[in-house]
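Protein chains in written order, with the UniProt record's numbering: chain A, 1 to 306; chain B, 1 to 306. Note that CB positions come from ideal geometry on N, CA and C, so glycine has one too. The structure under discussion appears below in the form of structure tokens.
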């Protein structure tokens with residue numbers, strides 16, 4: 001069995017109030033697979049890069065035990081490139097450059113040795129490509145998690161609705177949940193969205209944490225209040241990767257494990273924002289992760305006697 | 001010993017997408033004292049109303065065991081009146097009418113039998129009036145909680161800084177914490193604000209819950225996700241009243257009791273928004289409150305083994 005993660009593998013150039021970077025490795029599948037690798041040893045990536053991609057970044061995946069057989073390298077082409085500048089509050093940003101390059105006609109290849117996939121993470125991409133990946137899996141994975149964004153609701157809603165019908169967990173932010181459902185109340189929004197297919201819905205609220213919905217159960221996860229957010233890029237993908245990596249490790253899908261998976265995903269995301277790009281999540285120790293998770297426990301625990 | 005609550009006692013006319021009210025009883029001290037009365041039996045109110053105020057609303061305070069000796073009734077004058085209309089998302093509103101009336105030159109009277117005050121709630125009012133109440137207490141209460149808003153930061157910052165130097169707990173929302181401190185990070189904001197005087201800071205985040213800060217400790221309290229918010233008026237005051245009422249009941253000030261006080265305050269606030277005005281929080285049973293608190297426990301609990 002394995003955990004297959006599909007998504008962009010890219011170059012980012014990031015500017016924040018704390019500094020700026022040249023082209024550094026980024027992309028949803030990059031962050032998610034690195035995060036997942038701390039919990040689960042058989043992470044396999046599906047993506048596409050250009051000839052300009054750095055061998056050392058591929059080596060870094062492999063050093064984390066991540067299988068890159070499904071990462072296509074297109075000769076004579078360039079990798080997806082995104083450049084953005086964060087405002088002083090770090091909560092909003094301007095996109096300066098988006099060059100789709102190899103991602104423009106991305107046709108995902110699922111290598112034969114990925115067909116043992118039991119956990120599938122569909123990172124933010126066109127809904128059609130996400131559906132193609134599901135179609136190309138010979139056996140239906142035990143758990144499919146899909147991440148998407150408002151952009152696809154705007155321009156490809158029918159495709160999006162078609163693919164989310166086939167997934168188990170949908171992760172979106174609160175504004176997207178409201179857009180997708182037409183409901184302002186997140187409880188009503190969640191009920192409508194779960195009726196569209198996913199049994200579980202995770203609503204990401206950034207600095208306000210996350211909500212997990214499943215039937216009539218709700219879990220509210222805190223976010224760790226941080227003195228400094230150095231670079232928020234990839235935090236959501238890191239969250240998703242930590243989440244599904246933890247679930248692959250425990251290998252039992254239930255509400256309690258999902259709750260813990262959200263805490264582990266949130267812990268990984270809280271590291272992600274401490275440095276530029278993947279710098280911080282490339283080199284985490286087991287002890288650091290456990291200590292961070294215990295901070296989440298302390299942050300949100302209280303005891304009220306009945 | 002007693003819990004003294006000072007704040008507006010007023011008429012509100014409220015319009016929401018669900019309907020509208022005539023002039024109904026409202027005001028910070030009204031909501032806070034009703035909420036506190038469920039936890040603590042010696043609640044005493046300080047405020048001012050006009051001749052137009054209804055005897056039945058005063059009787060309702062008394063029925064809840066609330067002492068109204070400090071509630072001045074000004075002959076020939078009119079009560080403070082606020083009218084507002086909520087937008088469809090219930091998160092923003094327009095103020096239609098504000099008539100200060102008796103509140104314009106409010107000079108709080110502290111009856112002799114209020115001098116046993118050990119817990120003092122300074123509801124949102126001019127900082128000068130809040131300071132006057134502290135000055136008129138012969139003994140410094142064991143715990144002083146102050147609620148304020150951006151309006152006073154805009155027009156009376158020096159007075160506000162002077163009074164918050166003398167309080168133990170400050171409650172403000174996240175935008176106000178940022179405004180008061182000049183820091184975007186709520187951790188940095190909290191540290192700066194605690195250096196201004198209050199040992200404890202509660203940052204209210206509405207539908208995102210609340211954060212409690214004390215030295216280097218942080219507690220993140222969830223908000224109960226609600227399918228319907230009928231009328232948000234008074235929810236913050238209800239929270240504050242439940243908070244200090246619970247602390248007066250347990251009578252020991254420490255971080256763990258503060259955490260629980262926030263949960264009980266949040267539970268009361270979650271009832272408040274279910275109906276117009278004080279309608280829902282006028283008639284709560286012990287069982288309803290305990291059941292609601294257990295919903296908060298379920299909502300936020302998770303177990304991660306070390």
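> Anyone know if the C-beta pair for residue 333/B and residue 220/A falls short of 8 Å?
Replying inline: With chain B covering 1 to 306 only, the question about residue 333/B has no answer from this structure.
> DSSP on residue 221/A, reduced to helix/strand/coil?
Replying inline: Your numbering for residue 221/A matches position 221 in the first chain. Per DSSP, reduced to three states, the secondary structure at residue 221/A is strand.
>> Under 8 Å, Cβ to Cβ, is there at least one residue of chain A near residue 310/B?
In response: Since the first residue of chain B shown is 1 and the last is 306, residue 310/B is not available in this structure.
> How big is the Cα-Cα spacing for residue 196/A and residue 162/A?
Replying inline: For the purposes of this step, residue 196/A is taken as residue 196 along the first chain, with counting starting at 1. For the purposes of this step, residue 162/A is taken as residue 162 along the first chain, with counting starting at 1. So the two alpha carbons sit approximately 9 Å from each other.
>> DSSP has residue 149/A in a bridge; who is on the other side?
In response: Counted from its first residue, the first chain places residue 149/A at position 149. Partner(s): none; residue 149/A has no beta bridge.
> Considering only the beta carbon of each residue, do residue 155/B and residue 144/B sit closer than 8 Å?
Replying inline: Locating residue 155/B in the second chain gives position 155, counting from the first residue. Locating residue 144/B in the second chain gives position 144, counting from the first residue. In this structure, residue 144/B does not lie closer than 8 Å to residue 155/B by Cβ.
>> Quick check on residue 86/B - is its C-beta less than 8 Å from some C-beta in chain A?
In response: Taking the first residue of the second chain as 1, we reach residue 86/B at position 86. False, the Cβ-Cβ gap to chain A never drops below 8 Å.
> Would you report the Cα separation of residue 295/B and residue 262/B, rounded to the nearest angstrom?
Replying inline: For the purposes of this step, residue 295/B is taken as the residue at position 295 of the second chain. For the purposes of this step, residue 262/B is taken as the residue at position 262 of the second chain. Each residue's Cα considered, the two are about 14 Å apart.
>> Within 8 Å of any Cβ in chain A, is that where the Cβ of residue 31/B sits?
In response: Counted from its first residue, the second chain places residue 31/B at position 31. With a threshold of 8 Å between beta carbons, residue 31/B makes no contact with chain A.
>> Counting only beta-carbon separations shorter than 8 Å, does residue 92/A have a partner in chain B?
In response: Here residue 92/A refers to the residue found at position 92 of the first chain. With its beta carbon at least 8 Å from every one in chain B, residue 92/A lies outside the interface.
>> So residue 260/B contacts chain A; which residues on that side make the cut at Cβ distance below 7 Å?
In response: Within the second chain, numbered from 1, the residue matching residue 260/B stands at position 260. At a C-beta separation below 7 Å, residue 260/B has these neighbours in chain A: 302 and 304.
> So which residues on chain A does residue 89/B lean against when the C-beta distance must stay under 8 Å?
Replying inline: Indexing the second chain from 1 puts residue 89/B at position 89. Below the 8 Å Cβ cutoff, chain A contributes 184 as neighbours of residue 89/B, in chain order.
>> Per the DSSP calculation, residue 119/B is bridged to which residue(s)?
In response: Position 119 of the second chain, counting from 1, holds the residue named residue 119/B. Beta-bridge pairing links residue 119/B to 3/B and 143/B.
> residue 59/B: buried (16+ other C-beta within 10 angstroms of its C-beta) or exposed?
Replying inline: As a first step, residue 59/B must be located in the second chain, where it is residue number 59. Exposed, since its Cβ has fewer than 16 Cβ neighbours within 10 Å.
> Is the segment 271 to 285 of chain A close to the segment 231 to 243 of chain A, with three or more CB pairs under 8 Å?
Replying inline: Pairwise C-beta distances place the segment 271 to 285 of chain A in contact with the segment 231 to 243 of chain A, as three or more of them are shorter than 8 Å.
>> Can you give me the C-alpha to C-alpha distance between residue 114/B and residue 63/B, rounded to a whole angstrom?
In response: Translated into positions along the second chain, residue 114/B becomes position 114. Translated into positions along the second chain, residue 63/B becomes position 63. Near 19 Å, if we compare the C-alpha coordinates of residue 63/B and residue 114/B.
> What is the rounded straight-line gap between the Cα of residue 101/B and the Cα of residue 77/B?
Replying inline: Residue 101/B sits at position 101 when you count from the first residue of the second chain. Residue 77/B sits at position 77 when you count from the first residue of the second chain. Each residue's Cα considered, the two are about 7 Å apart.
>> Once the 5 residues before and after residue 28/A are set aside, which same chain residues still bring their CB inside 6 Å of it?
In response: Locating residue 28/A in the first chain gives position 28, where the first residue counts as 1. Closer than 6 Å at Cβ, skipping near neighbours: 7, 8, 123, 124 and 237.
> If you draw a straight line from the C-alpha of residue 160/A to the C-alpha of residue 151/A, how long is it?
Replying inline: Looking up residue 160/A in the first chain gives position 160. Looking up residue 151/A in the first chain gives position 151. Going by the C-alpha atoms only, they are around 11 Å apart.
>> Helix, strand or coil, according to DSSP, for residue 14/B in the structure here?
In response: What you label residue 14/B is simply residue 14 of the second chain in a count that begins at 1. When DSSP states are grouped into helix, strand and coil, residue 14/B belongs to the strand group.
>> Against chain B, with Cβ distances strictly below 8 Å, would residue 157/A count as a contact?
In response: Taking the first chain and counting its residues from 1, the one referred to as residue 157/A is at position 157. No, no contact with chain B.
>> Determine whether the beta carbon atoms of residue 79/B and residue 61/B lie at a separation below 8 Å.
In response: If you number the second chain from 1, residue 79/B lands on position 79. If you number the second chain from 1, residue 61/B lands on position 61. Going by C-beta atoms, residue 79/B is not nearer than 8 Å to residue 61/B.
>> Against chain A, with Cβ distances strictly below 8 Å, would residue 299/B count as a contact?
In response: If you number the second chain from 1, residue 299/B lands on position 299. Among the CB atoms of chain A, one or more fall inside 8 Å of the CB of residue 299/B.
>> Output needed for residue 247/B: all residues of its chain with C-beta closer than 8 Å, excluding positions within five of it in sequence on either side, in chain order.
In response: As a working note, residue 247/B is residue 247 in the second chain. Once the five neighbours on either side are set aside, the close Cβ partners of residue 247/B are 119, 143, 253, 257, 258 and 261.
> Would residue 96/A be called buried (16 or more neighbouring beta carbons within 10 Å of its own) or exposed?
Replying inline: Residue numbering aside, residue 96/A sits at position 96 when the first chain is read from its first letter. It counts as exposed.
> So what's residue 39/B in DSSP terms, helix, strand or just coil?
Replying inline: Along the second chain, read from residue 1 onward, the residue named residue 39/B stands at position 39. DSSP places residue 39/B in coil when its eight states are reduced to three.
> Under the rule that 16 or more other beta-carbon atoms within 10 Å means buried, what is residue 65/B, buried or exposed?
Replying inline: Stepping through the second chain from its first residue, residue 65/B is reached at position 65. Looking at its Cβ environment, which holds fewer than 16 other Cβ atoms inside 10 Å, residue 65/B is exposed.
> Is residue 277/A helix, strand or coil by DSSP?
Replying inline: Counting from one through the first chain, the residue named residue 277/A turns up at place 277. Coil, per DSSP.
> If contact means a Cβ-Cβ distance below 8 Å, which residues of the segment 226 to 246 of chain A contact chain B?
Replying inline: Cβ contacts with chain B: 226, 227, 228 and 229.
>> At the 8 Å Cβ level, is residue 180/B part of the contact set with chain A, yes or no?
In response: Locating residue 180/B in the second chain gives position 180, where the first residue counts as 1. Not one beta carbon of chain A lies nearer than 8 Å to the beta carbon of residue 180/B.
> In whole angstroms, what is the alpha-carbon distance linking residue 168/A and residue 146/A?
Replying inline: Here residue 168/A is taken as the residue at index 168 of the first chain, counted from 1. Here residue 146/A is taken as the residue at index 146 of the first chain, counted from 1. The straight-line gap from Cα to Cα measures roughly 8 Å.
>> Rounded to the nearest angstrom, what separates residue 49/A and residue 94/A at their Cα positions?
In response: Position 49 of the first chain, counted from the first residue, corresponds to residue 49/A. Position 94 of the first chain, counted from the first residue, corresponds to residue 94/A. Spanning the two alpha carbons is a distance of roughly 24 Å.
> Which term fits residue 33/A, buried or exposed, when burial requires 16 or more other beta carbons within 10 angstroms of its beta carbon?
Replying inline: As a position in the first chain, residue 33/A is number 33, starting the count at 1. Here residue 33/A is buried. Its C-beta has 16 or more other C-beta atoms within 10 Å.
>> At the 8 Å Cβ level, is residue 253/A part of the contact set with chain B, yes or no?
In response: Locating residue 253/A in the first chain gives position 253, where the first residue counts as 1. Closer than 8 Å: no.
> Between 45/B, 184/B, 139/B and 206/B, which lies nearest to residue 222/B when the distance is taken from Cα to Cα?
Replying inline: Position 222 of the second chain holds residue 222/B. Of the candidates 45/B, 184/B, 139/B and 206/B, 206/B places its Cα closest to the Cα of residue 222/B.
>> Is there a C-beta anywhere in chain B that falls below 8 Å from the one on residue 188/A?
In response: Counted from its first residue, the first chain places residue 188/A at position 188. True, the Cβ-Cβ gap to chain B drops below 8 Å.
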